[in-house]
Amino acid sequence: MPVDQPTDARARLLSHFNSAKGSTEHGTKWDELWTEGFLPWDKGFPNPALVDLLSQRQDILPTSTSPNANGQASKKKKALVPGCGKGYDVLLLSAFGYDAYGLEISSKALEEARKVEAEVNGKDIYAAREGFEKGEVHWIVGDFFEEGGEGILGGEKFDLIYDYTVSIFSSMCSSSELFFMLTVEVLMCSTSRHETSVVETLRRSPCARRKSRLRGVPNIQAAINWRASLGIASSSVFSSFDETGSGAAVC
Amino acid sequence: MRPGVELPYAEDGELLEMKVEEPSKNGLKRIAHFQPERTHQIGYDAEGKVTDWVSVWAHPS
Chain A
70 MPVDQPTDAR
80 ARLLSHFNSA
90 KGSTEHGTKW
100 DELWTEGFLP
110 WDKGFPNPAL
120 VDLLSQRQDI
130 LPTSTSPNAN
140 GQASKKKKAL
150 VPGCGKGYDV
160 LLLSAFGYDA
170 YGLEISSKAL
180 EEARKVEAEV
190 NGKDIYAARE
200 GFEKGEVHWI
210 VGDFFEEGGE
220 GILGGEKFDL
230 IYDYTVSIFS
240 SMCSSSELFF
250 MLTVEVLMCS
260 TSRHETSVVE
270 TLRRSPCARR
280 KSRLRGVPNI
290 QAAINWRASL
300 GIASSSVFSS
310 FDETGSGAAV
320 C
Chain B
24 MRPGVELPYA
34 EDGELLEMKV
44 EEPSKNGLKR
54 IAHFQPERTH
64 QIGYDAEGKV
74 TDWVSVWAHP
84 S
């Protein structure tokens with residue numbers, strides 16, 4: 070299998086985001102890339118690892134149920150994909166019966182996602198999988214890490230959150246998996262109003278395990294504060310990343 | 024996980040695992056962790072070996 074050549078694209082992404090401070094500026098930077106069409110992370114299809122997980126490991130995932138012979142209606146689970154890009158994984162999750170929500174900081178990205186949806190949703194790999202009724206697809210513009218972001222998700226609660234972490238951020242201001250896991254943890258802990266929250270995944274994450282990195286995360290307290298007021302019941306997270314950090318690259 | 028609990032770190036940034044409390048009952052628990060058979064191309068090294076990891080976290084039922 071040919072291997073991606075990440076160096077040039079990665080260097081360009083790093084320099085593109087280098088001057089941006091905070092999530093608002095990062096959002097602008099993402100929008101610029103979408104407008105320009107420089108999308109080295111966009112592979113045009115869902116992550117094969119997610120395809121396999123959804124097809125083979127339903128035993129460890131919250132799964133939707135189809136209408137049964139007794140006339141019982143289907144019970145749909147809700148899935149969220151923060152930073153969904155063109156939304157291939159969102160469409161895939163809907164094929165596995167989830168009402169799937171794609172969240173993107175870039176509205177331009179979601180314009181593209183809607184085009185992809187119009188073109189391919191319900192077809193081929195995005196057709197309802199055996200035993201599942203096709204779920205709804207929703208697109209939401211917003212920043213997963215923004216303070217006050219509960220408005221963005223409208224108080225929705227999710228059963229499954231999917232993240233394919235791109236480790237470009239580990240060499241920027243923070244570890245994206247730290248950010249992600251922390252956010253999810255607090256999102257799911259409705260009664261928690263703690264001052265500090267640190268997730269266990271940090272232990273083996275090279276950049277996150279340095280405490281200086283934690284101190285350097287700008288929005289961490291904001292994320293904790295507002296997410297503490299949100300509850301997500303019986304949720305699962307699927308996160309795929311290079312645990313050693315050694316081979317991690319964005320494109 | 025241990026939401027809300029500060030983890031003890033040594034000066035060199037290593038987590039002091041001996042001093043870490045028991046995981047919170049409310050916290051997410053990693054219920055699966057493995058390398059997938061297939062992933063996006065970026066998740067392979069030059070020899071074609073998968074470098075990505077899949078983790079599934081869930082609240083204890």
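Heads up: the protein sequence lines correspond to chains A and B, in order.
Numbering of the first sequence is given in this note's numbering, commencing with residue 70 and proceeding in unit increments.
Numbering of the second sequence is given in this note's numbering, commencing with residue 24 and proceeding in unit increments.
We put the CB at the ideal spot given by N, CA and C, even for glycine.
Note that the coordinates shown come from a computational prediction; the quantities given were computed from them, not determined experimentally.
| message | Please identify, using Cβ separations under 7 Å, the residues of the segment 134-166 of chain A that lie next to chain B, in order along the chain. | response | Closer than 7 Å at the C-beta level to chain B, one finds no residue of the segment 134-166 of chain A.
| query | DSSP state of residue 173(A), grouped into three classes? | reply | Reduced to three states, the DSSP call for residue 173(A) is strand.
| Looking at the structure shown, is residue 232(A) part of a helix, part of a strand, or coil, going by DSSP? | Strand.
| message | Beta-carbon within less than 7 Å of residue 62(B)'s beta-carbon, same chain only, minus the 5 sequence neighbours each way: which residues are those? | response | So the list reads 73 and 75, once near-sequence residues are dropped.
| said: Tell me the rounded alpha-carbon separation between residue 107(A) and residue 141(A). | reply: Spanning the two alpha carbons is a distance of roughly 47 Å.
| request: Check the Cβ of residue 112(A) against every Cβ in chain B and list those closer than 9 Å, keeping chain order. | output: Those are 63, 64 and 65, listed as they occur along chain B.
| Exposure label - residue 322(A); buried when at least 16 CB within 10 Å | Outside the shown range of chain A, which is 70 to 320, sits residue 322(A), and nothing can be said about it.
| task | Could you work out which residues of chain B lie near residue 129(A), taking near to mean beta carbons separated by less than 8 Å? | result | Identification of chain B residues near residue 129(A) by a Cβ-Cβ cut-off of 8 Å yields 54, 55, 79 and 81, ordered along the chain.
| message | Within 10 Å of its beta-carbon, does residue 155(A) have 16 or more other beta-carbons around it, so buried, or fewer, so exposed? | response | Under this definition residue 155(A) is a buried residue.
| Contacts of residue 118(A) in chain B (Cβ-Cβ under 7 Å) | Under the 7 Å cutoff, chain B gives 59, 61, 62, 75 and 77.
| task | In the DSSP assignment, find the unbroken alpha helix (DSSP H) run with residue 117(A) in it and report its ends. | result | From DSSP, the alpha helix (DSSP H) with residue 117(A) extends over 117-125.
| task | Please report how far the alpha carbon of residue 201(A) lies from the alpha carbon of residue 87(A), in whole angstroms. | result | So the two alpha carbons sit approximately 44 Å from each other.
| message | Counting only C-beta atoms, is residue 198(A) closer than 9 Å to chain B at any point? | response | False, the Cβ-Cβ gap to chain B never drops below 9 Å.
| query | Using CA coordinates, which residue listed in 85(A), 83(A) and 113(A) is at the minimum distance from residue 186(A)? | reply | With distances taken between Cα atoms, residue 186(A) lies closest to 113(A).
| message | Among the candidates 126(A), 169(A) and 132(A), whose CA atom is the shortest distance from the CA of residue 150(A)? | response | Considering only alpha carbons, the answer is 169(A).
| Close-in-space but distant-in-sequence residues of the same chain around residue 207(A) (CB under 6 Å, 5 per side omitted) | The beta carbon of residue 207(A) is closer than 6 Å to those of 170 in its chain, skipping five residues each way along the sequence.
| said: What does DSSP give as the partner residue(s) for residue 68(B) in the beta ladder? | reply: Its beta-bridge partners do not exist; DSSP assigns none.
| query | Below 9 Å between beta carbons: does that hold for residue 135(A) and residue 96(A)? | reply | A distance of 9 Å or more separates the beta carbons of residue 135(A) and residue 96(A).
| message | Here's a check: name, in chain order, each residue in its chain whose Cβ is nearer than 6 Å to the Cβ of residue 147(A), leaving out the five neighbours to either side. | response | Closer than 6 Å at Cβ, skipping near neighbours: 168, 227 and 228.
| task | Would you kindly report the start and end of the unbroken alpha helix (DSSP H) that includes residue 73(B)? | result | Annotation: residue 73(B) is outside any alpha helix (DSSP H) and is labelled neither H nor E by DSSP.
| task | Please check the pair residue 174(A) and residue 121(A), which I expect to be a contact at CB under 8 Å, by giving their CB distance rounded to whole angstroms. | result | The pair is not a contact, with the Cβ atoms about 28 Å apart (cut-off 8 Å).
| request: Kindly indicate which three-state DSSP category residue 99(A) falls into: helix, strand or coil? | output: Three-state result, residue 99(A): helix.
| request: Count the other CB atoms, across all protein chains shown, that sit within 10 Å of the CB of residue 132(A); report buried if there are 16 or more and exposed otherwise. | output: Counting Cβ neighbours within 10 Å, residue 132(A) comes out buried, since at least 16 surround it.
| request: My understanding is that residue 321(A) touches residue 164(A), with C-beta atoms under 8 Å, so please give their C-beta distance in whole angstroms. | output: As shown, chain A starts at 70 and ends at 320. That puts residue 321(A) outside it, with no answer to give.
| said: Give me the residue from 210(A), 82(A), 204(A) and 230(A) with the minimum Cα distance to residue 145(A). | reply: Checked all of 210(A), 82(A), 204(A) and 230(A); the closest Cα to residue 145(A) is 204(A).
| message | Among 196(A), 118(A), 162(A) and 153(A), whose alpha-carbon lies nearest the alpha-carbon of residue 178(A)? | response | When each option's Cα is compared against that of residue 178(A), the closest is 153(A).
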